[in-house]
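Chemist: Take a look at this one; I'll ask things after.
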Amino acid sequence: MIPLAGSLRLPLLAALGALFVWLLESLLDPYALSVAMFVGINIILAVSLNITNGFTGLFSLGHPGFMAVGGYVTALLTMLPARKGLMLPDLPSWLAGLHWGFLPALLAGGLCAVLVAVVVGFPVLRLRGHYLAVATLGFIIIVQTLLINLVGLTRGARGLNGLSPLTGPWWVYGWVVVTIYTCWTIKHASLGRAMLAIRENEMAAHCLGVNVTRVRLLAFVLGAFFAGIAGGLWAHLVTLVTPTSFSIVMSFMLVAMVVIGGSGSITGAVIAAAALPLASEAVRPIEEGLGLYGLSQVLVALGVLLILIYRPQGLFGTSEPRFLESRPAALAHPREKPDTLTEKGGIR
Amino acid sequence: MRIPFLGTLAAGLVASTFALGVQAAEPIKIVALYNLTGGMSSLDQPSLNGAKLQAKMINDAGGLLGGRMIEVVPIDTKTDQKETATAAKRAVGMEDVTAGIGYSDTTFVLAAAPLFQDAGIPFVTSGATSPLLPEMVGDMLFLVPFGDNIQAYAMAEYVYNTMGIHDVVVWTDNGMDYTTGLSKYFQERFEKLGGNIVLNDVFLTGDRDFSAQVARLQANQDKAGAVFVAAGPDEAGIIVKQIREAGIDMPILGGDGFDTPLVGSVPGEDLANDVYFTTHAYADLESEAIKTFQQGYKEAYGTDPENAFAALGYDAVGLLADAIKRAGSTDHEKLRDALASTDGYEGVTGTISYENGSRVPLKTVAVMKVENGDFSLVTTMTPSAE
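Sequence lines, in order, name chains W and C.
Numbering-wise, the working numbering comes out as the position in the first sequence, counting from 1, plus 882.
Numbering-wise, the working numbering comes out as the position in the second sequence, counting from 1, plus 30.
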């Protein structure tokens, strides 16, 4: 389904990516490297949230809930059995004996998030707009409450600490590539077109033979899978998961990234996901020099506001920049055209 | 409040660079990890202020180890675990870090301290009170405050013995390690003394509406003499307000999470009455050390110490300075050994000794009372740990 030029471009991009990660690893100190890894995790989250919120127009705030599922499952699977015995004596014996490698554990985390998404998706996806947003917020709270109260599995409010620091730049950026590739392929395939059609006019899409329920659920589940993976990576980077690790505040940040980047634009999501944390780190020296703590949050919030006022469609709208797109950008949606024109006509 | 603070900071910086130029001695770098913004900031900001004050006082008196100045390097971690992990990586990667201090909550210590442990750098938490922390992190971690078990035991004994109340309702914030631990230790001691827990009610961090709990409390008003609320600083004030607004006038009891000006200001002076809480003793004696601390704080920041966490931050740097003096060096291993053998360090929050290899000090607990929005000391006590 991908155009030829696009598939030729991929190996080149992959090589560039590998060089980039290698440079990151060899040049950065542990602090800068951990910032870079959180940027990568943000990219996975923003790009995958884009499938649900951007392509399909389902306003979901539930990403942190899926991250929590992925994070806890991965942590439980990678933990040494001896440590489990100490920390979680009430674990069922089949689970207590398990000790998996990082990759299978991550995949299991992602798949558990998928299972949860299927169960949650059936009832929740009947809702539209604000109602869906509220329901997914409720989902985060349900997950948090379960994590707090399933003490035997999760150690309650104390959370699981002392996890092995397995997450490295290769893991993070490997998954970044998988996420972007998957989303890119979907966007340019019939499935992506069906998603965009549902976003623009559900009734019309339905009349044209798009199986709305199936596509919506698929978008929700795909987003959840990558959120689960990101949760696993997050847990083994921070080396701690607690019920409050993945909060509602986080889901607003993620939605902000998608909105800033442009709902439906993968490039936009990547840039916004990288820019927000980097901007807040960049302001840090000023903040610390002047003793004005909180400045970074204020500046980032101000930036978000300004973009929403002066460029409500986000940086890229639904389209991707021309040099990455192998076909005319108009494919996504004709309404995009005037936007692209004003973009060219001059930036305010 | 900001301007005099910045002024003194600038003056301090100028003075210390000048002194550096003259003596050419390397500073002793202490990284301070605190949540200066977000939910924990009402505890962490005063802690940092206290730590900086102690460093300034030591520097003004000529520094340590023959004229080396203490440099406190603060990092704001925004009440975000991800920021904490990143900041800890940054801290242990800095050149010549002697030690780390920080945090008033166990979760954040657990996100930061293991990195210090792995790097072999001592970490002193100024305000996290879980007695299990050293066990969970390792031999590089030390606590300045008492463990939660001690303050909960003190409150249980005060209620049962001094106030003569034998039936209580317990509210627990199930979302925090600190509050669940506090509640557990309180009930354990209260029942051991012969007391009766009438009702166990729960809520979650971030809740703003407590009408359901208040209604259940009201229903049990005749059976219980007081309500013990294990809550963090953000919820404490709101809970007091909502209980009093419902017309319930039984005493409200709490732990050091109540030690925030919010407990007075949120309910207002008409409603902030008959609230008792345990906290880190600093107002108990009219000693010179405490007066110096309070005056110094007022001069530097234009306000009285907001709560005991300011004093804890002050003591964290004091404790480290004492250990550095005894170690005679900033070598991490020697510093760790010197910290572990601390015996009778006179801080403003009480005397710190690490006995029998424990890295949680046994200290006096202060019982405070809030009346018309004003905080005053009722008594100090040292409950038995067993």
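All C-beta atoms, glycine included, are put in the ideal place defined by N, C-alpha and C.
Fair warning: this is a prediction, and the values are worked out from it, not measured in the lab.
1) With which residues is G358(C) paired in a DSSP beta bridge?
2) Is there a C-beta anywhere in chain C that falls below 8 Å from the one on F920(W)?
3) Could you give the C-beta distance for T159(C) and D178(C), rounded to a whole number, given that I count them as a contact under 8 Å?
4) Anything in the region 1102-1130 of chain W with a Cβ closer than 8 Å to a Cβ of chain C? List those residues in chain order, please.
5) Name the DSSP bridge partner or partners of F146(C)?
6) What residues in the region 1028-1041 of chain W bring their beta carbon closer than 8 Å to a beta carbon of chain C?
7) Just to confirm the assignment, what range does the beta strand (DSSP E) spanning I375(C) have?
8) Taking buried to mean at least 16 other C-beta atoms within 10 Å of its own C-beta, is V1060(W) buried or exposed?
9) Just the chain W side, please: which residues come within less than 7 Å of D112(C) by C-beta, in chain order?
10) Could you spell out the range, first to last residue, of the alpha helix (DSSP H) harbouring T1064(W)?
11) Can you list the beta strand (DSSP E) stretches of 3 or more residues lying completely in the region 51-135 of chain C, in chain order?
12) Taking C-beta pairs closer than 9 Å, name the residues in chain W that P104(C) reaches, listed in chain order.
13) Name the residue from A1161(W), V1001(W), G1050(W) and S916(W) whose alpha carbon lies nearest to the alpha carbon of V1103(W).
14) Pick from K271(C), T308(C) and P291(C): whose alpha carbon is nearest that of L301(C)?
15) Kindly indicate if chain W contains any beta-carbon less than 8 Å away from that of G123(C).
16) Just to confirm my understanding: we take T1049(W), look at its own chain, exclude 5 residues before and 5 after, and list those with CB closer than 7 Å. What are they?
17) Do P912(W) and K328(C) have their C-beta atoms closer together than 8 Å?
18) Is F1128(W) near the ligand NAP, going by C-beta to nearest heavy atom under 7 Å?
19) Taking only three categories from DSSP, how would you classify E363(C)?
20) With 16 as the cutoff for other CB atoms within 10 Å, does R1230(W) come out buried or exposed?
21) Report the rounded CA-to-CA distance for V61(C) versus N1043(W), giving the unit in angstroms.
22) Which residue marks the beginning of the beta strand (DSSP E) containing A1151(W), and which one marks its end?
23) On a Cα-Cα basis, can you pick out the residue from L892(W), L915(W) and L943(W) that is closest to A1109(W)?
24) Okay, do the region 901-915 of chain W and the region 1070-1079 of chain W touch, 3+ Cβ pairs below 8 Å being the bar?
25) Can you say whether V408(C) is buried or exposed, counting buried as having 16 or more other CB atoms within 10 angstroms of its CB?
26) When the cut-off is 8 Å and only beta carbons count, does V52(C) lie next to chain W?
27) For A149(C), which residues in the same chain have their Cβ closer than 8 Å to its Cβ, ignoring the five residues on either side in sequence?
28) If we count the other Cβ atoms within 10 Å of its Cβ and call it buried at 16 or more, is S414(C) buried or exposed?
29) Determine the extent of the beta strand (DSSP E) in which I933(W) is found, giving its start and end residues.
30) So, helix, strand or coil for H879(W), using DSSP?
31) Taking 8 Å as the threshold, find out whether the region 985-1003 of chain W comes into contact with the region 1150-1157 of chain W through three or more Cβ pairs.
32) Assuming P1125(W) and L977(W) are in contact, meaning their beta carbons sit under 8 Å apart, how far apart are those beta carbons, in whole angstroms?
33) On a CA-only basis, which of D345(C), T322(C), K393(C) and M206(C) is nearest M70(C)? Give me that one, please.
34) Once DSSP output is grouped into helix, strand and coil, what is the label at I227(C)?
35) Do you know offhand how far T114(C)'s Cα is from V917(W)'s?
36) Could you pull out every residue in the same chain whose Cβ sits closer than 7 Å to the Cβ of V1054(W), ignoring the five residues on either side in sequence?
Modeler: So, from the listed chains and residues:
1) Answer is none; G358(C) lacks a bridge partner.
2) yes
3) 5 Å
4) W1116, L1119, V1120, T1121, L1122, T1124, P1125, T1126 and S1127
5) Its beta-bridge partners do not exist; DSSP assigns none.
6) I1030, N1031, G1038, A1039, R1040 and G1041
7) According to the sequence displayed, residue 375(C) carries Tyr and not Ile. Segment Y375 to G377, the beta strand (DSSP E) holding Y375(C).
8) So V1060(W) ends up on the exposed side.
9) Note on identity: in this sequence residue 112(C) is Lys, with Asp being the wrong assignment. Simply F920 and V1120.
10) P1051 to K1069
11) 58-64, 100-106 and 127-132
12) Per Cβ cutoff of 9 Å: E1170, G1173 and Y1175.
13) Nearest option by C-alpha distance: V1001(W).
14) Nearest C-alpha to L301(C): K271(C).
15) yes
16) M919, L1115, H1118 and L1119
17) no
18) The model depicted lacks the ligand NAP and carries no ligand whatsoever.
19) helix
20) Only weak support exists for where R1230(W) lies, its pLDDT of 35 falling under 50; the coordinates are left without a value.
21) 22 Å
22) Taken as a continuous stretch (DSSP letters only), A1151(W) belongs to no beta strand (DSSP E), being part of the alpha helix (DSSP H) at I1148 to L1172.
23) L943(W)
24) Too few Cβ pairs lie closer than 8 Å, so no.
25) Exposed, because fewer than 16 other Cβ atoms sit within 10 Å of the Cβ of V408(C).
26) For V52(C), the pLDDT reaches just 45, beneath the cut-off of 50, and the residue's location in the model is therefore unreliable, leaving the point undetermined.
27) V122
28) exposed
29) Element bounds for I933(W): n/a, residue is neither H nor E.
30) Because chain W in this structure spans residues 883 to 1230, residue 879(W) falls outside the shown range and cannot be described.
31) no
32) With a Cβ gap of about 19 Å, P1125(W) and L977(W) do not count as contacting.
33) M206(C)
34) strand
35) Cα atoms of T114(C) and V917(W): separation of roughly 11 Å, rounded to the nearest angstrom.
36) Apart from sequence neighbours up to five positions away, the residues of its chain that approach V1054(W) with a beta-carbon distance below 7 Å are M919, G922, I923 and L1115, ordered along the chain.
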